[in-house]
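Structure record follows, encoded as structure tokens.
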Amino acid sequence: MIHFKGGKTEPDYPGKKWLRLAQSLASKVQKGERIIPLTEQHGTNILRKYAKLAGVPDWDRLHNHRQRAYFGTYWARKTGRDPWKVQSLMGHKDLRATAVYVEELSIEEKKQLLDESYISSEILLDSKATRDQ
């Protein structure tokens, strides 16, 4: 279960690797006890520590909200800017909160999508012409 602000909890699937780790850690704690008791400040400190070690400029200005924004933008691009998929991943109730991450396509992305759709339509037309013969 993932615990959100406001006392909301919901089931989530973190991926096989993290699920195995969570199951292993959960077997060592009491029911209801946090598996990894991190506060927001702990998360920020960890983020800054590794950003500094990686040589990230202005590492001391990083915080969890910036990391979350990166996550949203990354998945918006990865899912083809599907707002409903990003909304689900981000845990937003309102689609308008997700709109920030599903920004306008760059010219390169537009070209790629248009080229891909052109190729797909050519394949579709070719297969239809072959069937009609």
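Using my numbering, the letters of the sequence shown map in sequence onto residues 3 to 135. We treat Cβ as the ideally placed atom computed from N, Cα and C, and that holds for glycine. All figures in this text were calculated on a predicted structure; none of them were measured in a lab.
Buried versus exposed call for residue i [16 or more other C-beta atoms within 10 Å across all chains shown]
i	result
Ser-122	Residue placement at Ser-122 cannot be trusted, given a pLDDT of 48 that sits under 50; the coordinates are not used to answer.
Val-88	buried
Tyr-103	buried
Trp-77	buried
Gly-82	exposed
Gly-74	buried
Trp-86	exposed
Thr-100	buried
Selected residue, minimal CA-CA separation from residue i, among the options
i	options	result
Asn-47	Leu-21, Ala-56, Asp-62	Asp-62
Gly-45	Trp-20, Gly-93, Arg-68, Asp-96	Arg-68
Arg-79	Lys-18, Leu-23, Gln-114	Gln-114
Helix, strand or coil at residue i [DSSP, three-state]
i	result
Ser-29	coil
Ala-101	coil
Thr-46	helix
Leu-55	helix
Pro-39	coil
Leu-64	coil
Lys-95	coil
Gly-74	helix
Arg-83	coil
Ser-170	The structure shown does not extend to residue 170, since the chain is modelled only from 3 to 135, so the question has no answer here.
Cβ separation of residue i and residue j, assumed to be a contact under 8 Å, to the nearest whole Å
i	j	result
Ile-37	Ala-28	5 Å
Leu-64	Arg-50	6 Å
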